[in-house]
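Q:
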Amino acid sequence: MADETSPKDSDYWEVATKIFQFNEVGSKEFQSSKFLVEVLKSRGFVVREKYLNIPTAFRAEKIVGTGKPTIGFLAEYDALPGIGHACGHNLIASSAVFSAIRATEKISDGTIVVFGTPDEEGTGEWAGSKAIMAERGAFRGIDLVLGSHPGDGWNVGSQSLAVQDFEITFRGRAAHEAADPDTGRSALDAAILTYNAVGMMRQHVRRDVNFVMHGIIKEGGTASNVTPEKAVLTYGIRATDVGYLDQIVKRFMKIVEGCTMATETTYSIRRIGPMFTTTKPNKTLSNWIMGNIRSRGINCPAFEETFKDIPRGSTDFANVSQVVPALEVGFQIADEGTPWHSRESLEAATSRRAKEALSVIIDVLSDTAREFSVNRKFREDIERDFRNG
Ligand SMILES: [Zn+2]
Numbered sequence: 004m005a006d007e008t009s010p011k012d013s014d015y016w017e018v019a020t021k022i023f024q025f026n027e028v029g030s031k032e033f034q035s036s037k038f039l040v041e042v043l044k045s046r047g048f049v050v051r052e053k054y055l056n057i058p059t060a061f062r063a064e065k066i067v068g069t070g071k072p073t074i075g076f077l078a079e080y081d082a083l084p085g086i087g088h089a090c091g092h093n094l095i096a097s098s099a100v101f102s103a104i105r106a107t108e109k110i111s112d113g114t115i116v117v118f119g120t121p122d123e124e125g126t127g128e129w130a131g132s133k134a135i136m137a138e139r140g141a142f143r144g145i146d147l148v149l150g151s152h153p154g155d156g157w158n159v160g161s162q163s164l165a166v167q168d169f170e171i172t173f174r175g176r177a178a179h180e181a182a183d184p185d186t187g188r189s190a191l192d193a194a195i196l197t198y199n200a201v202g203m204m205r206q207h208v209r210r211d212v213n214f215v216m217h218g219i220i221k222e223g224g225t226a227s228n229v230t231p232e233k234a235v236l237t238y239g240i241r242a243t244d245v246g247y248l249d250q251i252v253k254r255f256m257k258i259v260e261g262c263t264m265a266t267e268t269t270y271s272i273r274r275i276g277p278m279f280t281t282t283k284p285n286k287t288l289s290n291w292i293m294g295n296i297r298s299r300g301i302n303c304p305a306f307e308e309t310f311k312d313i314p315r316g317s318t319d320f321a322n323v324s325q326v327v328p329a330l331e332v333g334f335q336i337a338d339e340g341t342p343w344h345s346r347e348s349l350e351a352a353t354s355r356r357a358k359e360a361l362s363v364i365i366d367v368l369s370d371t372a373r374e375f376s377v378n379r380k381f382r383e384d385i386e387r388d389f390r391n392g
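If you count the sequence shown from 1, you need to add 3 to reach my numbering.
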């Protein structure tokens, strides 16, 4: 069949296209993961599937020469529910796999590892798997980690917001709202009070940490004549200072406590998924990669510029950057200002422009791996930046 791709012969664009077509959402990327594993196996990588007991994660490794140093590449392959690969993770999958394959050809000493990291978008059971993997020691013994992400411009790193999500369940007492209102205690009242109190707290927080707190009422009752005995809120709390985020969490707990006391209800609270931290920059690494990108005639701002921008999102890559020197390089597949997770970005993820940019990012990342393998000073400077960062 014309569209059958043998993993052995597949090239970087076929892989990007294939992952796009699989169109699998987070934690359910079974075909995508399997396909990438087959490609890597066909190129001599030794693969551990279901890595760290995460069903669609994997770890692929190939040793060259002395096997030192060890360089990891991060593959993502989850699509967005409903719209598909509008975040371009199909390109990240191909970028990681082919940067790794290319790196093994460019170095004479080193171990090249590809980490298959599911559910970056956080829609399933293994949401933010890189944070889980970092916690479970996946990056111990790794000297450098390289990732990439498509977008509306080139960049060598940007800051991200630490984030923790919560779900709060309030319990009251059901009663007929007209016949027995005195015996009812409304869980919805507790939820509404909490929602309003959070709104008031927002005025009294630090302004320099990019604080964001967003919430919804997920459940608020079943019928207007029944006192709601259950109400559920979910919140995301974000900031660029992890310590401050913890303080806000404590204030949030007080709010919930106070509002349940006022309404004679009870509550339970649980964290949803792991906390994502902030991204740790690495000047040496960013500058070297910027130079490599610019040497190809591509405009790429210095990391000092992109790091000072107000961060707009959060990522599990941040947790990797805290435990090992790492960088996620942004590569351009759409015009500046193109909205992401949109129909436009979906189209961009399989465009001719994406194909060209993907080819460049594979060159850039594999060049970086080669430099890291041969240049001791480069390695030491990166390590020093990491310790001081
Ligand atoms: Zn993404």
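Where a beta carbon is used, it is the ideal one built from N, C-alpha and C, also for glycine.
Would you identify the three-state DSSP class for Glu359, choosing helix, strand or coil?
A: helix
Q: Quick one: Cα of Val229 to Cα of Gly175, how far?
A: 11 Å
Q: In or out: Gln162 buried (at least 16 other Cβ within 10 Å) or exposed?
A: buried
Q: Use the C-beta contact count for Ser36: other C-beta atoms within 10 angstroms, 16 or more gives buried, fewer gives exposed.
A: buried
Q: Could you have a look at Val100 and say whether DSSP puts it in helix, strand or coil?
A: helix
Q: Have a look at Ile171, Pro284, Gly294, Glu308 and flag the residue whose alpha-carbon is nearest the alpha-carbon of Val326.
A: Of the candidates Ile171, Pro284, Gly294, Glu308, Pro284 places its Cα closest to the Cα of Val326.
Q: Taking its Cβ as the centre, do 16 or more other Cβ atoms sit within 10 Å of Thr225, making it buried, or is it exposed?
A: exposed
Q: Return the Cβ separation of Ile171 and Ile272 in integer angstroms, given the expectation that the two are a contact with Cβ distance under 8 Å.
A: 5 Å
Q: Can you give me the C-alpha to C-alpha distance between Phe61 and Ala130, rounded to a whole angstrom?
A: 15 Å
Q: Please find out if some non-hydrogen atom of ligand 1 comes closer than 7 Å to the beta-carbon of His92.
A: yes
Q: Tell me whether Glu32, by its Cβ, gets closer than 7 Å to a heavy atom of ligand 1.
A: no
Q: Restricting to Cα atoms, I'd like to know which of Ala352, Ala178, Phe306, Ser345 is closest to Val332.
A: Phe306
Q: Would you mind listing the alpha helix (DSSP H) stretches within the region 165–248 that are 4+ residues and don't spill past its ends, in chain order?
A: You should have 190–204.
Q: Using only CA atoms, which one of Ile104, Ala96, Ile275, Thr107 lies nearest to Thr120?
A: Taking only the C-alpha atoms, the option nearest Thr120 is Ala96.
Q: Using three-state DSSP, classify Glu64 as helix, strand or coil.
A: In the structure shown, Glu64 sits in a strand (DSSP, three-state: E or B).
Q: List, from N- to C-terminal side, the alpha helix (DSSP H) runs of 4 residues or more that fit wholly inside the region 298–362.
A: Runs of the alpha helix (DSSP H) lying entirely within the region 298–362, each at least 4 residues long, are 306–311, 320–324, 346–351 in chain order.
Q: Can you give me the Cβ contacts of Leu248 inside the same chain, cut-off strictly under 7 Å, excluding the 5 residues immediately before and after it?
A: Ala165, Gln167, Ile240, Ala242
Q: Closer than 7 Å: is that where the CB of His152 sits relative to any heavy atom of ligand 1?
A: Closer than 7 Å to some heavy atom of ligand 1: that describes the Cβ of His152.
Q: Gly223 to Asn302, Cα distance in whole Å?
A: 51 Å
Q: Using the rule of at least 16 other Cβ atoms within 10 Å of the residue's Cβ for burial, across every protein chain shown, is Gln335 buried or exposed?
A: Around the C-beta of Gln335, 16 or more other C-beta atoms lie within 10 Å, and the residue is accordingly described as buried.
Q: My understanding is that Phe320 touches Thr287, with C-beta atoms under 8 Å, so please give their C-beta distance in whole angstroms.
A: Rounded, the Cβ-Cβ distance is 18 Å, inconsistent with contact.
Q: Does the region 39–49 touch the region 100–112, meaning 3 or more C-beta pairs lie closer than 8 Å?
A: yes
Q: Flag Glu123 as yes when its Cβ comes closer than 7 Å to any non-hydrogen atom of ligand 1, and as no otherwise.
A: yes
Q: Using 8 Å as the threshold, is the C-beta distance between Met256 and Val159 below it?
A: no
Q: Name the one or two DSSP bridge partners that Glu52 has.
A: Answer is Phe61, bridged to Glu52.
Q: Which word fits Glu339, buried or exposed, when buried means at least 16 other C-beta atoms lie within 10 angstroms of its C-beta?
A: exposed
Q: Taking Cβ positions, are Glu27 and Phe48 nearer each other than 8 Å?
A: For Glu27 and Phe48, no; Cβs fall outside 8 Å.
Q: In the DSSP assignment, find the unbroken alpha helix (DSSP H) run with Ile22 in it and report its ends.
A: 15–25
Q: Is the region 203–220 touching the region 135–150 in the sense that three or more CB pairs, one from each, lie closer than 8 Å?
A: The region 135–150 is not in contact with the region 203–220.
Q: Look up Tyr270 in the DSSP assignment and give the residues it is bridged to.
A: Phe173
Q: The alpha helix (DSSP H) spanning Ser45 covers which residue range?
A: 33–45
Q: Comparing C-alpha positions only, which one of Ala357, Leu368, Ala106, Lys380 sits nearest to Phe394?
A: Lying before the first or after the last residue shown, residue 394 is absent from the chain, which here runs from 4 to 392.
Q: Assign Ala265 to buried or exposed, taking buried as 16 or more other Cβ atoms, counted over all protein chains shown, within 10 Å of its Cβ.
A: exposed
Q: Got a sec: is the Cβ-Cβ distance from Lys37 to anything in chain D below 8 Å?
A: Although the question refers to chain D, the structure presented lacks it and comprises just one protein chain.
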